[in-house]
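A short worksheet on the structure shown next.
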Amino acid sequence: MREGERLRVTVRNELPEGTTIHWHGVPVPNPMDGVPGLTQDPIAPGESFVYDFVADPAGSYLYHSHVGLQIDRGLIGALVIEEREPEAAYDREHSLVLDDYLSQVPGPLEGRGLTMGPTRGPMGGMRGMMGGRMMGAQVPPYVGLLANGKLPGDPPVFETRRGERVRLRISNPSGATTFRVAVAGHRMSVTHADGRPVVPVAVDALHVGMGERYDVILESDNPGAWPIMAAPLEVTASPAEAIFRYADSASTRPEAGAVPDGIRGGRVLELHDLRSTQGLDVLSPDRRFDLSLSGGMMSSDWTINGRAYPGAGALDIHEGEVVRFRMVNHSMMLHPMHLHGHFFRVGRALKDTVIVPPHMGRVTFDFVADNPGRWFFHCHNIYHLEAGMAREIRYV
Ligand code: C2O
Ligand code: CU
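If you count the sequence shown from 1, you need to add 384 to reach this note's numbering.
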């Protein structure tokens, strides 16, 4: 899409169960947001629903089903809204969509007690490891990690030519995997976080949580065929892989065993590196919420302030207020927390999804209540979402 164009999508549901589409990150009018039970009824089998909104502002977004665990059946995609004026800042662009692949019907995870992830599968098994310790919760039995729908044996190829600036739009609509992404032979200059422009920052690696997007520029100054890898952060498994290939390069594949330096070391993007290119004025909050994230040990619920959605009341706000969310993570897993319908300010950047690190990690964000309706706020690990880590934000 181009910024300012009207997007009109008719969804005809040919599934045997209800579904919706959510336009992740786009601040659409509330009735177009695709959240079952909040903004619409699920589209019943055989029925249709029309989503209709103006594509604005430009940026890298996602679209996906917002019903149950349908994300882990592949109902995901990248949504790109191009700048109104084509940017001179790059010569070509590619999209890298990261995913985790389940070969069976997804179901809720048994979270009680200290259990481990499954230990079999083509990847040699994904084990729930973190900092060398076993996590107190299962991970889904994924059989592989995907780049643009491809397993590492059949990687997508992103072409370039010497001297070109390539815009790589990296997104993670996966069910339950956070990735560390790096490109061999090249630094990444991060230009956008969740679609919002930032002052460029050069890094060797970045962490992309479920629901997050980063746009980076690669300077094509190192001919060859280079691996782009996305290694999972919380489990042990083979990375998703793509190839960054110069058109005139003799090799079509990277050397066997080549791994980008940024997978194991180098400079990793930190949240405080992100600085919006828009001058953000100072906000002082009119309303605050302290939100404690927990779960995974003794219970199969994942909760906010001890309560699992939908068995928890809405967080009420008023139009025009500046609202502050202060989150602290009491659990051993990270949580990519996503707010619908708004961009929030975290540090000096604008985002719509932010990773709250495990083991007492803290993140605070502010947003301006400027888009009335009933909005969802939740962890974008779909298993945590299904197990209750969500709240309704309600304008009253
Ligand atoms: Cu991708 Cu409720 O969101
Ligand atoms: Cu979570």
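Every residue gets a Cβ at the ideal spot worked out from N, C-alpha and C, and that includes glycine.
Close Cβ partners of M510 (< 6 Å) along its chain, the five nearest in sequence each way excluded: As a first step, residue 510 must be located in the sequence shown, where it is residue number 126. The pLDDT assigned to M510 is 46, lower than 50, so where the model puts this residue is not dependable; a value taken from the coordinates is nonetheless given after this. G501, V523, Y526, V619, A621, listed in sequence order.
Heavy atom of the ligand CU within 7 Å of N689 beta-carbon: Counted from its first residue, the sequence shown places residue 689 at position 305. Using a cutoff of 7 Å, the CB of N689 does not count as near the ligand CU, since none of the ligand's heavy atoms is closer than that.
Exposure label - E776; buried when at least 16 CB within 10 Å: The count along the sequence shown starts at 1 and reaches residue 776 at position 392. It is buried - the Cβ of E776 has at least 16 other Cβ atoms within 10 Å.
Given W686 as reference, the closest of H591, L493, P607 once Cα atoms are compared: What you label residue 686 is simply residue 302 of the sequence shown in a count that begins at 1. Ranked by how close their Cα comes to the Cα of W686, the residues H591, L493, P607 have L493 in first place.
Sufficient close CB pairs (3 or more, under 8 Å) joining the region 747-757 to the region 708-728: Short answer: they touch.
Exposure label - R708; buried when at least 16 CB within 10 Å: Here residue 708 is taken as the residue at index 324 of the sequence shown, counted from 1. Burial state of R708 is buried, judged by a 10 Å Cβ sphere holding 16 or more other Cβ atoms.
Where I448 falls, given that 16 or more other Cβ within 10 Å makes a residue buried: Taking the first residue of the sequence shown as position 1, residue 448 is located at position 64. In the sequence under discussion, the amino acid at residue 448 is His, which differs from the Ile named in the question. So H448 ends up on the buried side.
Rounded separation between N397 and V643 - CA only: The count along the sequence shown starts at 1 and reaches residue 397 at position 13. The count along the sequence shown starts at 1 and reaches residue 643 at position 259. Spanning the two alpha carbons is a distance of roughly 42 Å.
Cβ neighbour criterion (16 or more within 10 Å) applied to E654: As a working note, residue 654 is residue 270 in the sequence shown. Here E654 is exposed, its C-beta having fewer than 16 other C-beta atoms within 10 Å.
Where L769 falls: helix, strand or coil (DSSP): Within the sequence shown, the letter at position 385 stands for residue 769. Assigned with DSSP and collapsed to three states, L769 falls in helix.
Alpha-carbon spacing of P694 relative to A774, whole angstroms: As a position in the sequence shown, residue 694 is number 310, starting the count at 1. As a position in the sequence shown, residue 774 is number 390, starting the count at 1. Distance between the alpha carbons of P694 and A774 is about 8 Å.
Host beta strand (DSSP E) of I612 (start-end): In the sequence shown, counting from the first residue as 1, residue 612 sits at position 228. Taken as a continuous stretch (DSSP letters only), the beta strand (DSSP E) holding I612 covers 609-616.
Of the residues V585, F727, A771, D456, the one placed nearest S487, counting alpha carbons only: Counted from its first residue, the sequence shown places residue 487 at position 103. Ranking the options by Cα distance to S487, first place goes to D456.
Alpha-carbon to alpha-carbon, G757 and E703: Here residue 703 is taken as the residue at index 319 of the sequence shown, counted from 1. Here residue 757 is taken as the residue at index 373 of the sequence shown, counted from 1. In this structure, the straight-line span from the alpha carbon of E703 to that of G757 is close to 9 Å.
Euclidean distance between Cα positions of P411 and W759: For the purposes of this step, residue 411 is identified with residue 27 of the sequence shown, where counting begins at 1. For the purposes of this step, residue 759 is identified with residue 375 of the sequence shown, where counting begins at 1. P411 and W759: Cα-Cα distance of roughly 11 Å.
R496 - DSSP class collapsed to helix/strand/coil: Within the sequence shown, residue 496 is the residue found at index 112, counting from 1. Legend: pLDDT at R496 = 42, less than 50; position of this residue unreliable, value from coordinates given subsequently. In the structure shown, the three-state DSSP call for R496 is coil.
Test item: CB-CB of L529 and P611 under 8 Å: Looking up residue 529 in the sequence shown gives position 145. Looking up residue 611 in the sequence shown gives position 227. No, Cβ-Cβ distance for L529 and P611 is not below 8 Å.
Closer than 7 Å: L422 CB and nearest the ligand C2O heavy atom: Residue mapping note: residue 422 aligns to position 38 of the sequence shown, counting from 1. Not so, every heavy atom of the ligand C2O lies at least 7 Å from the Cβ.
Helix, strand or coil at G512 according to DSSP, with G and I counted as helix: Residue numbering aside, residue 512 sits at position 128 when the sequence shown is read from its first letter. Confidence at G512 is low in this model, with a pLDDT of 44, below 50, so its placement is unreliable and the value that follows should be read with caution. Residue state, collapsed to three classes: strand.
Simplified DSSP state of P420, which is helix, strand or coil: Position 36 of the sequence shown, counted from the first residue, corresponds to residue 420. DSSP places P420 in strand when its eight states are reduced to three.
Nearest-angstrom Cα separation, counted from V481 out to H450: As a position in the sequence shown, residue 450 is number 66, starting the count at 1. As a position in the sequence shown, residue 481 is number 97, starting the count at 1. Between the C-alpha atoms of H450 and V481 there is a straight-line separation of about 18 Å.
Contact the region 585-595 vs the region 538-549: 3+ CB pairs below 8 Å: No, because fewer than three Cβ pairs between the region 585-595 and the region 538-549 fall closer than 8 Å, the two stretches do not touch.
Alpha carbon of S555 to alpha carbon of L677, nearest angstrom: Taking the first residue of the sequence shown as 1, we reach residue 555 at position 171. Taking the first residue of the sequence shown as 1, we reach residue 677 at position 293. For the pair S555 and L677, the Cα-to-Cα distance works out to about 24 Å.
Contacting residues, own chain, Cβ-Cβ under 7 Å from P539 (five flanking each side not counted): Taking the sequence shown and counting its residues from 1, the one referred to as residue 539 is at position 155. Hits under 7 Å: A531, E625, A626, I627.
Y435 - containing beta strand (DSSP E), residue span: Residue mapping note: residue 435 aligns to position 51 of the sequence shown, counting from 1. Judged by DSSP secondary structure, Y435 falls within the beta strand (DSSP E) whose first and last residues are 432-438.
Local Cβ density within 10 Å of G559, reported as buried at 16 or more and exposed below that: For the purposes of this step, residue 559 is taken as the residue at position 175 of the sequence shown. Residue environment analysis places G559 among the buried positions, since at least 16 neighbouring C-beta atoms fall within 10 angstroms of its C-beta.
In DSSP terms, what N713 is bridged to: Within the sequence shown, the letter at position 329 stands for residue 713. Beta-bridge pairing links N713 to L677, G745.
Cut-off 6 Å between Cβ atoms - residues of its own chain near F728, not counting five sequence neighbours on either side: Residue numbering aside, residue 728 sits at position 344 when the sequence shown is read from its first letter. Cβ neighbours of F728 beyond the five flanking positions: F749, F751.
Where the beta strand (DSSP E) containing H687 begins and where it ends: Within the sequence shown, numbered from 1, the residue matching residue 687 stands at position 303. Contrary to the premise, residue 687 reads as Thr rather than His in this sequence. Counting along the chain, the beta strand (DSSP E) containing T687 begins and ends at 686-688.
Backbone CA spacing between M507 and G646 [nearest angstrom]: One-based indexing of the sequence shown puts residue 507 at position 123. One-based indexing of the sequence shown puts residue 646 at position 262. Any reading at M507 is ruled out, since the residue's pLDDT is 44, under 50, leaving its predicted position unreliable.
Distance between Q454 and M613 (C-alpha atoms, nearest Å): Mapped onto the sequence shown, residue 613 falls at position 229. Mapped onto the sequence shown, residue 454 falls at position 70. Rounded to whole angstroms, M613 to Q454 spans 26 Å at the Cα level.
Start-end ranges of the beta strand (DSSP E) lying completely within the region 528-580, minimum 3 residues: Every unbroken stretch of the beta strand (DSSP E) spanning 3 or more residues and falling wholly within the region 528-580 is given here in chain order: 528-531, 541-544, 549-555, 563-567, 572-577.
Proximal residues to N606 (C-beta, below 8 Å), its chain only, five neighbours per side dropped: For the purposes of this step, residue 606 is identified with residue 222 of the sequence shown, where counting begins at 1. The beta carbon of N606 sits closer than 8 Å to those of G569, H570, all from its chain and outside the five residues before and after it, given in chain order.
Short Cβ contact (8 Å threshold) for R732 with L658: For the purposes of this step, residue 732 is identified with residue 348 of the sequence shown, where counting begins at 1. For the purposes of this step, residue 658 is identified with residue 274 of the sequence shown, where counting begins at 1. Their beta carbons are under 8 Å apart, which means R732 touches L658 by this criterion.
Beta-carbon proximity of H768 to G593, cut-off 8 Å: Against the sequence shown, residue 768 aligns to sequence position 384. Against the sequence shown, residue 593 aligns to sequence position 209. No. Outside cutoff.
Best match in Q662, E389, Y630 for proximity to V582 [C-alpha to C-alpha]: Indexing the sequence shown from 1 puts residue 582 at position 198. For V582, the nearest C-alpha among the options comes from Q662.
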